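By the count of the working numbering, the sequence shown reaches residue 1211 at its end, each step adding exactly one. First comes the structure, then the notes that go with it.
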Amino acid sequence: MDDREKTPNAGKQLVSLGTVLVTPPVSILGVRGYSKDHYGLHAEFDVYAKEFPKNISKEINFKNKEGAMENAEKILGRVKEIFAIVAVSPRDAGLEQKKPYIFEALVSGGDIKKQFAHVKELLGKEIKIDQIFETGATIDVAAITKGKGWQGVIQRFGVKKKQHKSRKTVREVASLGPISPASVMYSVPRAGQMGFHQRTEYDKRIMVIGNTENNQIKINPDGGYKHFGLVKGDFIILKGSVPGTYRRLIKLRSQIRNAPVKITKPNILEVVI
């Protein structure tokens, strides 16, 4: 149902398309502290967990230097940002890839000491999607878009075609710029790689957070999804679309634009696959 106030459809039933994302648990492998000056961020320390989950320790392993935790706590005074080093195993999402995805996630809230203590408690543990986000929350989505290969300026930038009688070529830019300077500026549309770039889309609402073991919502069609298969474990349904193709890593974060004062849970009447 439409839970937006002061809209013509307020309180009425709506049909909206969504995207199912498999959300395997995130393993906290370590914590990294950054100092900051006018040159940018500089890594000050890395502290790793003593034990990793089995599916990750088989593929990759980090070892701490002697007294790494004590040294990190001593230099927290000059640290400006705390990042958690996290890993996601594609095997947990039902994919064939063995090597885990490892990346950093910014920790916010409270001062540096509280952030460090929070990540320290979570070292070596797994975090599930329902511990980070809640139903009805709005998030940002970052992913690698579908690759289109080498494309010309007509498709890549939407340049207008020339008249068929006017030039030798029709699907090229009419002018590359002035005679001086004798170089083509970066702002002139040119042919090249299209797609397979990282893109971020903002304000995607979480409509459903669930698990396939619970039979409240049947999320898998007969025979599984085309190009993917069966969804296993935790999943979410986002309103609208997301960048990228099947079986590709998608990163989620809390929204940084238009954050609402309160989060309202959507009233889902039916989920149709």
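For each residue, glycine too, the CB sits at the ideal point set by N, CA and C. Keep in mind it's a predicted model, so treat the numbers as computed, not measured.
- Scanning S954, P946, T945 and P963 for the CA closest to the CA of I1206 turns up S954.
- Along the length of the stretch 1068 to 1106, whole beta strand (DSSP E) runs at least 3 residues long occupy 1076 to 1082 and 1085 to 1089, reported in chain order.
- When secondary structure is reduced to three states using DSSP, E1011 falls in the helix class.
- D975 sits in a strand when the DSSP states are folded into three classes.
- DSSP, reduced to helix, strand and coil, places I1117 outside both helices and strands of the structure shown, so it counts as coil.
- In the three-state reduction of the DSSP assignment, N993 falls in the helix class.
- In this structure K1142 is buried. Its beta-carbon is surrounded by 16 or more other beta-carbon atoms within 10 angstroms.
- Beta-bridge partners of S1179 (DSSP): none assigned.
- When the beta-carbon positions are compared, R1029 and S973 stay at least 8 Å from each other.
- Between the alpha carbons of I1067 and H1165 lies a distance of about 24 Å.
- Between T1076 and Q1193, the gap from beta carbon to beta carbon is short of 8 Å.
- Excluding the 5 residues flanking it on each side, L1061 has same chain C-beta neighbours closer than 6 Å at I966 and A987, in chain order.
- Per DSSP, the beta-bridge partners of K1189 are A1080.
- Contact annotation: the stretch 1041 to 1051 does not touch the stretch 1078 to 1094, with fewer than three C-beta pairs closer than 8 Å.
- Excluding its 5 nearest sequence neighbours in each direction, V1097 has C-beta neighbours in its own chain below 7 Å: V1091, V1111 and P1127, listed in chain order.
- Residue range I1050 to L1060 is occupied by the alpha helix (DSSP H) that includes E1059, with no beta strand (DSSP E) assigned at that position.
- Counting only residues of its own chain and dropping the five nearest sequence neighbours on each side, N1158 has a CB closer than 6 Å to the CB of L1168 and V1169.
- When the Cα atoms are used, L1014 and A1055 turn out to be separated by approximately 11 Å.
- Using a Cβ distance threshold of 8 Å, P1181 and R1137 count as a contacting pair.
- A buried status is given to V1057, since no fewer than 16 other beta-carbon atoms sit within 10 Å of its beta-carbon.
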